[in-house]
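Single-structure report; data block below.
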Amino acid sequence: MTTKLVKTALRNISRNKRRSILSGVAIGVAAMSIVMLFSLIAGMQVDMESNLKSYYTGGIRIRNENYEQYERFNPVHLTVDANTIEKILNTIEEVDVYVPRTSFPANLYIEGTNFGAMGVGADFEKEADFIDLEGSLKKGRLPETGKNEMIMGAVLARDLKLNIGDKVTIMSTTAARGTNAITLKIVGLFAFPVASLNAKYFWAPIDRISYFLRMNDATQEVILKVKEDGTESEIAVKIKEILKQETGVNYDVQAYTEISGTYEMIEMANTVYIIMAFVFFLLGSTVIINTTMMVIFERMREIGTLGALGMHGKELVRLFFLEGMFISIIGTFIGVLAGIGFTLLLGKTGIDLTESMQGIDFEVSGMIYPKLSIGKTVFVFFYSVIIASLATLFPSKKAAKIEPVEALRYV
Amino acid sequence: MKNKIITILILLSLFIPVAAFTLTGEEIIRRADNIQIFETSEASGEFQIKDRFGVKVSTFNSWSRGTNESLIEFTSRAERGQKVLRTEDELYLFYPDAEELIRMQGSMLRQSMLGSDISYEDMTGGKDRISQYDVILEGEESFKGNDCYVLIMTAKVRTVPYPKEKLWIDKETFLVWKAEYYTKSDRLLKEMETLDTKIINGRTIAVETRIVDKMKTDTETIMFMSDIKINIPIDDAMFSLEELSW
């Protein structure tokens, strides 16, 4: 009996190819879209974590014990001895790379007016192993140690009408809690993946920044990446203990997921992504359910005929369930395959959101590379098949209850 | 009739000395300004700036000419060589590592000088206060044992640093013992108090002053002045932009 129903269901599918193809395509497109959205969101999550680790906090950040408490007062004087810390980090096996950095708010004095910006003092030789600074240069070269030079975000330079060769006087609060100013020459313009970095930041040699901010060769922080992603929290604890043992100083050592503000940002972004995925998922599901139900509702006349010919209610329900399942299996399979194909393609070429990300202070790159998740893709396939099959139950059950004569009235 | 005239004359004579020696608010301010203005002056000084992180000391040398020209050069290690030049209309900063002079204007003037409770804007005051403020003599009070006039000054123009000031001015020496600076809506912004004085060339000059910015938490700046020399010859070029970077 079941074999007969399967045959009938397949025959029904092939008998009205246009209808079957249309509903299959609708289900397939929905499945493809869900696969691609999941991949895009996964890509954005990976991107955000990567950006935080590369440009802001590192995988682990080492700072003066009291810095975070007074962070809103820009406590430039609360520094760390980078040389000592780096020697100790050298002995810790799990540590991959580390760099000293000093970030500070500054005013750029241009033709009588102050423009707010953020400065970063960096060791450009060490940074080469940490981030691709050279590759991020749009124009010019990296600053040289010991020289009053800087690279500036391309968007910031454009906004301030500055270019390579121009000199800019920057002012900031020093570690002596006074003020100071220094003139730096722009030798390069950078375009980092994060729009806000390009619109607000300039980078200069850390030795000049240390001198300018009267930091006595100390730095604000040392940030590092570990060899194995996901182990940052436990390695941070280990580093803190070793630093305490070796130097007697209690440093603030935190994994990027534990840093106040950063973790909340990741959490918030994840929540936003989940909401986006859920809404899209709901839309996709609606398309699948709607298509399947419409296909059955418009076949009332056919159902009446089948009933008049002696097909029982349960058989009718099973028949349409099987039809829906077959169409959704084929549609979803093709849709998921297309989704995987497009994702892999976009994973290489990337999706350029640079223009739309301008002015958005969010640590997501302008160029997003979708990331395929096998688990989520398999889930989307089964989910789509199940939801499409189940969606046949309600209209077919309803249709099965209608008297054949009544059903035949439907046009 | 003759008696009546005599009575009136006697009564008038009782009031004449009072009217002759009662000063108006404007006159008190004029005298207070005058004791602070010298043809030229030179001094050394020190800021003790207390904030949430502790006490920081900055030292400086200063020169002034008349009411509107002054030059401060910082000598403490962290700020050595930094200069603040005030000319007739402008305020300029010189930093040894900057290749250009920084002209302070607009909102930049509200920035704190060296993280102290004194803003650059505070240094621009003192220009003909009588024409910029309405002065009301509110009364008399004793402040730390000194008999003072209490005056309220309300700004007539918008270009002054503070819309309203309350001053305690010594009745005898015309030294400002205390000043409170308010917003238009009477919110206290800053407080100044003279802690110590010295008589120089017959004038009582404040040599230790406490300034508290009420907009900040736990901050206080004490300014000490020493080696004050009055009416000494100063090269005209000292207050010029050309000489600022020597």
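Chains as they are written, first to last, in the numbering used here: chain A, 3 to 413; chain B, 72 to 317. Where is the CB? At the ideal position from N, CA and C, for every residue including glycine. Since we're looking at a predicted model, the values are computed, not measured.
With 16 other Cβ atoms within 10 Å as the buried cut-off, status of residue i
i: A103(B); result: buried
i: P167(B); result: exposed
i: D267(B); result: exposed
i: D307(B); result: exposed
i: M294(B); result: buried
i: G232(A); result: exposed
i: R179(A); result: buried
i: N109(A); result: buried
i: S112(B); result: buried
i: F384(A); result: exposed
i: D161(A); result: exposed
i: Q71(A); result: exposed
i: R157(B); result: buried
Three-way DSSP call (helix, strand, coil) for residue i in this model
i: T292(B); result: strand
i: A277(B); result: strand
i: P397(A); result: helix
i: V289(A); result: helix
i: M295(A); result: helix
i: N18(A); result: coil
i: L85(B); result: Here the model assigns L85(B) a pLDDT of 44, short of 50, so the residue's position is not dependable, and the following value carries that caveat. Of the three classes helix, strand and coil, the one that applies to L85(B) here is helix, per DSSP.
i: F245(B); result: coil
i: I277(A); result: helix
i: E314(B); result: helix
i: Y253(A); result: coil
i: A91(B); result: Any reading at A91(B) must be qualified, since the residue scores a pLDDT of 42, below 50, and its modelled position is unreliable; the value itself is stated next. A91(B): helix per DSSP, three-state reduction.
i: T379(A); result: helix
i: T147(A); result: coil
i: P207(A); result: strand
i: G96(B); result: helix
i: N53(A); result: helix
i: G152(B); result: coil
i: I133(A); result: coil
Cβ-Cβ distance between residue i and residue j below 7 angstroms
i: S398(A); j: M327(A); result: no
i: I370(A); j: G26(A); result: no
i: I120(B); j: S187(B); result: yes
i: G123(A); j: A206(A); result: yes
i: T170(B); j: K154(B); result: What sits at residue 170(B) in the sequence shown is Glu, not Thr. No, these two residues do not count as a Cβ contact at 7 angstroms.
i: F245(B); j: E140(B); result: no
i: R161(B); j: R148(B); result: Looking at the sequence provided, one finds Glu at residue 161(B) rather than Arg. Result no, Cβ atoms of E161(B) and R148(B) do not sit closer than 7 angstroms.
i: T275(B); j: T265(B); result: no
i: A177(A); j: L215(A); result: yes
i: S386(A); j: T334(A); result: yes
i: T175(A); j: T185(A); result: no
i: S375(A); j: P195(A); result: no
i: V338(A); j: A33(A); result: yes
i: A197(A); j: L158(A); result: no
i: F106(A); j: G118(A); result: no
Within-7 angstroms CB hit, residue i to chain A
i: R174(B); result: yes
i: D168(B); result: yes
i: G397(B); result: Coverage of chain B is limited to positions 72 through 317, which leaves residue 397(B) absent and any answer about it impossible.
i: G186(B); result: yes
i: M286(B); result: no
i: M179(B); result: yes
i: E171(B); result: yes
i: E150(B); result: yes
i: K300(B); result: no
i: K127(B); result: yes
Member of the options whose CA lies at the smallest distance from the CA of residue i
i: Y57(A); options: E300(A), I87(A), I389(A), A193(A); result: A193(A)
i: L260(B); options: V221(B), K237(B), V128(B), E170(B); result: K237(B)
i: R301(A); options: E113(A), N18(A), T334(A), D231(A); result: N18(A)
i: C318(B); options: Q203(B), A114(B), V228(B), L208(B); result: For chain B, the structure presents residues 72 to 317; residue 318(B) sits outside this window and is missing.
i: S212(A); options: T345(A), S41(A), V82(A); result: V82(A)
i: F40(A); options: V274(A), K229(A), A84(A), T249(A); result: V274(A)
i: M224(B); options: I100(B), W248(B), T93(B); result: I100(B)
i: K127(B); options: E117(B), S135(B), R200(B); result: E117(B)
i: D298(B); options: D289(B), K285(B), I270(B); result: I270(B)
Neighbour flag for residue i against chain B, beta carbons, 7 angstroms
i: L162(A); result: no
i: G167(A); result: no
i: Y111(A); result: yes
i: I188(A); result: no
i: N116(A); result: yes
i: A178(A); result: yes
i: A183(A); result: yes
i: R216(A); result: yes
i: T171(A); result: yes
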